[in-house]
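Take a look at the structure below.
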Amino acid sequence: MATEKRTIFSPELAARFDRLVTLYPVKRSALVPMLLYSQDEVGYISPEVIVELADRLDIRTNDVESVLSYYSMLRTKPVGKYNVQVCTNISCMLRNGYGILEHCKKRLGIGHKEVTPDGLFSLEEVECIGACCWAPAVQVNYDFYDDLTVEKMDQVLDDYQAGRGKVTV
Amino acid sequence: MPKLVSHPDEVRIISRRFGTGAENIDKYVELDGYKAAQLCIEKGPEFIINEMKASGLRGRGGAGFPTGLKWSFVPKNVDRPKYVLVNGDESEPGTCKDHLIFLHDPHAIIEGTIIAGLAIGAKMGFIYLRGEYRYLLKIMEKAVADAYAKGYLGKNIFGSGIDFEVVTQTGAGAYEVGEESALMESLEGKRGVPRIKPPFPAVVGLYGGPTVINNAETIASVPHIFLMGGEAYAKVGSERNGGTRLFGISGHVEKPGVYELPMGYNLKKAIYEVAGGVLGGKKLKAVVPGGSSTPVLTADELDVGLDFDQMGKAGTMLGSGGIVVLDETVSMVEFALRTISFYQHESCGWCIPCREGTDWLKKTIGRVYAGGGVEKDLDNIKYLAENMMGRTFCPLGDAAAMPTIGFIKKFRHEFEEYVRGNAGVSPAEHDAALVSLG
Amino acid sequence: MADVTFTVDGKKLTAPAGTLLIDACRTAGIEIPAFCYYPGLSLQAACRMCVVRIEKMPKLQTACTTPVAEGMVVQTETEEVKQSRKAVLELLLGNHPLDCPVCDAGGECELQDMTFKYGAGESKYIETKQHREEQKWSPVVYFDRPRCILCYRCVRVCGEGMDVWALGVQNRGVTSVIAPNGGDHLGCEECGMCIDICPVGALTSDTYRYKTRPWEMNHVGTVCTHCGDGCKTTLGVKRSNDGMEIVRGDNRDKSGINNDFLCIKGRYAFDFANRTDRLTTPLVRQADGKLAPVSWEEALTFAANKLNEVRSNRGGNAIGVIGSNRTTNEENYLLQKFARGVLGTNNIDHHRTADYAAFAAALKGKANREASLRDFISAPAMLLLGNDPTEQHPALAWQIRSNVRQNRARLYVANHREIKLRRQAKAAVELPQDGYASFISYLAGNDGAFTGNDANDFREALRKEESLVIAFGSEFRGRDIQALVEFGLSMPNVKFACLGDYSNSRGAADMGLLPDLLPGYVPVASEHKFAEETGIEWPKQPGLDLVQMLDAAGSGEIGALYVVGANPVARYGVDPSALKNTFLVVQDMFLTETAVLADVVFPAANAYEKAGTITNTYGDLQLVKKAADKAGVRSDFELIVRLADKMGADPKKLVPFGKGVRADFGQSRGAQSGEADRHAVWLSANHLEPKLSPFDPFAIFDEIQRLVPSYNVPRLNLLAGNDEHVKSELVQIDTTGSRRDLVLPANDGLYTSGTLGRYSDKLAEVLASKTTEIAETAAD
Ligand SMILES: Cc1cc2nc3c(=O)[nH]c(=O)nc-3n(C[C@H](O)[C@H](O)[C@H](O)COP(=O)(O)O)c2cc1C
Ligand code: SF4
Ligand code: FES
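Here is the structure:
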């Protein structure tokens, strides 16, 4: 057992986790970041992720489940390669956040928490993302976009569609 | 990238280094960085706490608790490790100030953390950012690594013989985790459910050790206080409200942005002069003055100084400094619904009044908005909110109830229009549920 | 801690500093409502029902988290407080299904009670309620999500109380939900504590769901008939076609030695009593070799004649008697009296699961050295040697865990297995299976006796303890018990508990179901008072033990065997042919492996269908009360008396009834049940006063208390349903002799209970589900 640890993660991430758990006075502290990083790599929190994280932190799988189900950024199902998160909270709402959301719905042909058939995009209406003064704001995966208009939003989506990532805006 | 703004009335202390490239440690040092920390190492805890008290700095996280006093509550002789915890969970709608600090001046946060650690005798600090701020975490992580490389963090910092470690991490999407004890739970790898108080964090906090927890802006203000002296800092602000603060002005204004204004600055001036007035020259209808949880002010209530005490007297709160301006076109029912929807979505669910109360408020206001409301609903909304106030486990319940009471009291006529079918919007338009979160 | 004085609703109260206001109020008779607060579990402050007004505090405060303080002034029922509680109820009821008419908890629901008290009758909402199908989480646990009020009691009792942690909270806000650890099912110990503690009907049990309304049952407080812990339990019984049926087992009365606790067996495994294959008529083996139903008269006469025949032709020593671990003390006493006084033999024994005789010898003359089960909830330190209480003594395990959690008691575990209680242990040592004796020797100071990791630290820490209770399993017998007790007595304030397996194993030994010892461990050969008191001649020669009897039956030395509530054929793997020449009389509920071989079978009542006393393995004496009834069966007590009568013995000598003033304490259902009062009929036929009955166990209990000093405890407390500890120092055993080790541990786990357990369908179902679960995990 001691010789080789079986892991579902890439060697880099596994090594990162090995280190992460040593940073805190209590191993379990690493759980929330580990869930996020696992999700970044695997795409979502799969049952295998749950089992491995529980094992790494010496906690029960239902502890992991109860924590993961608390946080809104964590998900147990895959999303699109680019998860488009449109803020519609008050400041964005006042600055056409809903217009942006509607536009994304139309352009992508999907609704809240849905994925395009090609798996490229998913759409989410989200709560305030801390960009109120630069509203309306959108996050694609971890990339921030602010001061958006429908035109700029199209440009952003075009960039991702074309595989350019975050270039414009 | 978030746009930086400026206005002649600004007094730039915290934002002094914004846009100067101070995220680079050498640049930061060049701009007087880490001087305050070294001074504090030299002078010791008592000096630090006295200066902090003299500065009149009050917590920028929302509640406005005097920071020096908070630090002084940490017991001196305990054998459990103590901690400093920086609250960068910034999730109150209308608030985006910490965002800029992480982006432009990460070392100020590290330096403030070191000073707080020195004040209470902590050997470890945590900087916790909201999960959405991944790109800011990267900036913070780099800054921390640079500080370690220079010997400002780690063993024997600045050659003083003192050790201080800093760990950065993010949450994963939860407003409630901004509440200090819920933040500690989250940092311990648990659900973000707040803890029973007392004991307060200063006595029993993270991992059971005494903990100072402060907002990121509060912490970033700390080095400046030592650079200019506590008293001088206090003088910049108003009575019992020392210094400046970052105000984020958003919504229907011409020049939205984060402005650093002295405490006590007039709200009306902030909107009409600093932020350039109402967008498109429309009439102003209302202002949510300190993040979405603060009770709304009407157009005639704006002549008030932006500090904790004056705002309190005006029947609202300074809160997180997020000023949201609403013009005449805004439907207050829609606005109220969007606000309560947020709190319903973010309630941790622990206690009954908040969990169930936010849900019934959302349902009832939603029904009124959709044209299915009856007169009785309006009393009900008020009744529900009033029965949540002060009765929930943590202040999130209040944060949901307070603005709701404000909306229904000050704009009841608008709600009545909806109930009577005179809202000028056809029910068909309302058919689409406003918020699809969940 | 020092006392503080404070005022509640105008009353001056005093309580130790640090007491929670809610507890202080309850102690003073001031009821403060609460959903989430539960004594002994961690604080939540989540339901907000306990709010009170405290002077000088800006907001209402939760009484469940506020410690009393000097000079505190509290109001618990102001308009503001009442309104606050009412608002909470309104919020809960908004989504509550209000299916009270069919809800199991209807009538026993804290939400109903609170609503009744604070009134939240008006519905403020017109939204449709969310409906969700109920879920079956395990063979016993159902979850009805919309009824759940999220008080987290179940989560805590499972985690903190049981150390199982099978329940958790998932999601957040209004979508928060209690979730089991297996996704859609529970992997747990099936104790049902979550159901018990649920203030509403969100968690219900498979055995009771939709069976009845609480007010349609009679609730009878009695003692569980399964393991040696003897938990107090309340049986809900309801009239059925053939008597009174048990519909529920629970722990509504938490005054017992088990406090809050009941395990799966106590809660659900009463169902054997309701089995349709129970024996309800006497059976006699016919010429064709088959057992056939016959009348009572015929069966009793046949059995009596045969026994008389063997006795007169071959002497009493040609007869053997095997008693039970689950019959009452009175029945056991009566059985040995019948064996010795009527059959004239000391060939009497039972399935021994612990060496109580050696324990009695070790404690003889040492007052207050035997631990009650109650001691384990308060002792500052506990030493567990052998055994696995989680499986074998679940109530003990509960007490130990609670004590560690609530009082920071220190637990020391020395065991050859990886048992769950090690998680609570301050120190643990792994022993070889046969290493117990040498470990005791090591503890006693013999350094060379044991080497093992941590042993030294363990011993050092243990020796610092100033007050200790020691529980030891059947790993200890004979001289090892003696050595253990000697070591223990070298420490200050030590008490001992000897762990044996069934509900009245201890009583069987105490009551002399042993070939060499009379009740109270009086050697058969000694001068004793029994003969003089009873006017019966008692044989002096020690008889055959159980194994010898079975051998003797095989070899033909024993001509007749009388087996009462036991299944030696299965337990000892007896070859059925070995008994073919023995006249076998069996009293049982079912046609067990032993009963099928019998010549006469009497249908017997079980412990839930009779009255009397039993003694748990710790020596706690408790009253069992008659809860259920089944037409056709008779108590073992009655059967022994009737058999003796038919054999020509004087029932008045056997049962000295009529000395006190008592009737039969509910042994028969009487004329009201529509059944003729069979006792009265019998008494009249025998020219006896029909109000006094030889079937009265209390007549025997009187005799026990007269002749067995250790059982002479105050009776009032027992009658009130409380426990009394027997005075083990007063036994009269001869401490020098050594006897053969006949201890055969039952090795029952949480889901088994000897032969009896096999007749519980619920246990069988749970066991099967666990086996599949284990198979599935193994396959993973
Ligand atoms: C529901 C809730 C959410 C909160 N969110 C935040 C937040 O996002 N950021 C923050 O700094 N403080 C937040 N607070 C306030 C913190 O609990 C705490 O008062 C603050 O971090 C103390 O720092 P300060 O004294 O520097 O303001 C929140 C409080 C509540 C009740
Ligand atoms: S008020 Fe209650 S439910 Fe709401 S966030 Fe606080 S503890 Fe959770
Ligand atoms: S009992 Fe105090 S809040 Fe529930």
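Residue numbers (this note's numbering), protein chains in the order written: chain A, 1 to 169; chain B, 170 to 607; chain C, 608 to 1387.
Don't be surprised by glycine CBs; every beta carbon is placed ideally from N, CA and C.
Being a predicted model, the structure only gives us computed values, none of them experimental.
Could you tell me which residues DSSP puts in a beta bridge with residue i?
i                       : result
residue 420 of chain B  : B:494
residue 534 of chain B  : DSSP, once it has assigned bridges, lists no residue as partnering residue 534 of chain B.
residue 435 of chain B  : B:474
residue 122 of chain A  : A:83, A:115
residue 1105 of chain C : C:1079
residue 812 of chain C  : C:748
residue 1332 of chain C : C:1227
residue 1053 of chain C : For residue 1053 of chain C, which the question treats as bridged, DSSP gives no partner whatsoever.
Does residue i come out as helix, strand or coil in the three-state DSSP assignment?
i                       : result
residue 64 of chain A   : helix
residue 114 of chain A  : strand
residue 214 of chain B  : helix
residue 145 of chain A  : strand
residue 714 of chain C  : coil
residue 709 of chain C  : coil
residue 380 of chain B  : strand
residue 843 of chain C  : strand
residue 275 of chain B  : helix
residue 659 of chain C  : strand
residue 852 of chain C  : strand
residue 1268 of chain C : Since pLDDT at residue 1268 of chain C reaches only 44, below the 50 mark, its modelled position is unreliable, and the value read off the structure follows with that caveat. The answer is coil: DSSP assigns residue 1268 of chain C none of H, G, I, E or B.
residue 131 of chain B  : Any property of residue 131 of chain B remains undetermined from this structure, which presents chain B solely from 170 to 607.
residue 129 of chain B  : Limits of chain B in this structure are 170 at one end and 607 at the other, which puts residue 129 of chain B out of reach.
residue 623 of chain C  : strand
residue 618 of chain C  : strand
residue 1262 of chain C : coil
residue 828 of chain C  : strand
For my contact list, residue i and residue j are in at a C-beta cut-off of 8 Å; report their separation, rounded to the angstrom.
i                       : j                      : result
residue 65 of chain A   : residue 7 of chain A   : Contact doesn't hold; Cβ gap of about 20 Å is too wide.
residue 272 of chain B  : residue 305 of chain B : 6 Å
residue 867 of chain C  : residue 999 of chain C : Residue 867 of chain C to residue 999 of chain C, Cβ: 20 Å. No contact.
residue 165 of chain A  : residue 301 of chain B : Rounded, the Cβ-Cβ distance is 18 Å, inconsistent with contact.
residue 1389 of chain C : residue 849 of chain C : For residue 1389 of chain C there is no data in the structure shown, the boundaries of chain C being 608 and 1387.
residue 478 of chain B  : residue 435 of chain B : Residue 478 of chain B to residue 435 of chain B, Cβ: 14 Å. No contact.
residue 781 of chain C  : residue 528 of chain B : 4 Å
residue 522 of chain B  : residue 566 of chain B : 6 Å
Interfacial residues, the segment 39 to 64 of chain A to chain C, with Cβ spacing under 8 Å: Shown in chain order are the members of the segment 39 to 64 of chain A whose Cβ falls below 8 Å from a Cβ of chain C: 60, 61, 62, 63.
Residues in the segment 147 to 165 of chain A having any Cβ partner in chain B nearer than 9 Å: 147
Near-chain B residues of the segment 860 to 874 of chain C (beta-carbon distance less than 8 Å), N- to C-terminal order: none
Residues in the segment 334 to 345 of chain B having any Cβ partner in chain A nearer than 8 Å: 336, 338, 339, 340, 341, 342, 343, 344
Members of the segment 494 to 518 of chain B that neighbour chain C once the beta carbon cut-off is set at 8 Å: If the cut-off is 8 Å between Cβ atoms, the segment 494 to 518 of chain B has 513, 514, 515, 516, 517, 518 near chain C.
Positions along the segment 346 to 370 of chain B whose CB lies within less than 7 Å of some CB in chain A: 355, 356, 357, 358, 359, 360, 361
Selection of the segment 651 to 672 of chain C by Cβ proximity to chain B, strictly under 9 Å: Of all residues in the segment 651 to 672 of chain C, only 651, 652, 653, 654, 655, 656, 658, 665, 666, 667, 669, 672 come within less than 9 Å of chain B when Cβ atoms are compared, listed by chain position.
Residues in the segment 1307 to 1319 of chain C having any Cβ partner in chain B nearer than 9 Å: Within the segment 1307 to 1319 of chain C, no residue has a Cβ that lies closer than 9 Å to any Cβ of chain B.
Chain C contacts made by the segment 520 to 539 of chain B, where a contact means CB separation under 8 Å: 520, 521, 522, 524, 525, 526, 527, 528, 529, 532, 533, 536
Residues in the segment 537 to 558 of chain B having any Cβ partner in chain C nearer than 7 Å: 549, 556
Residues from the segment 722 to 735 of chain C in contact with chain B, defined by Cβ distance under 9 Å: Under the 9 Å Cβ criterion, the segment 722 to 735 of chain C contributes 731, 732, 733, 734.
Residues from the segment 697 to 717 of chain C in contact with chain B, defined by Cβ distance under 9 Å: 697, 698, 699, 701, 702
Members of the segment 67 to 79 of chain A near chain C, C-beta cut-off 7 Å: 69, 70
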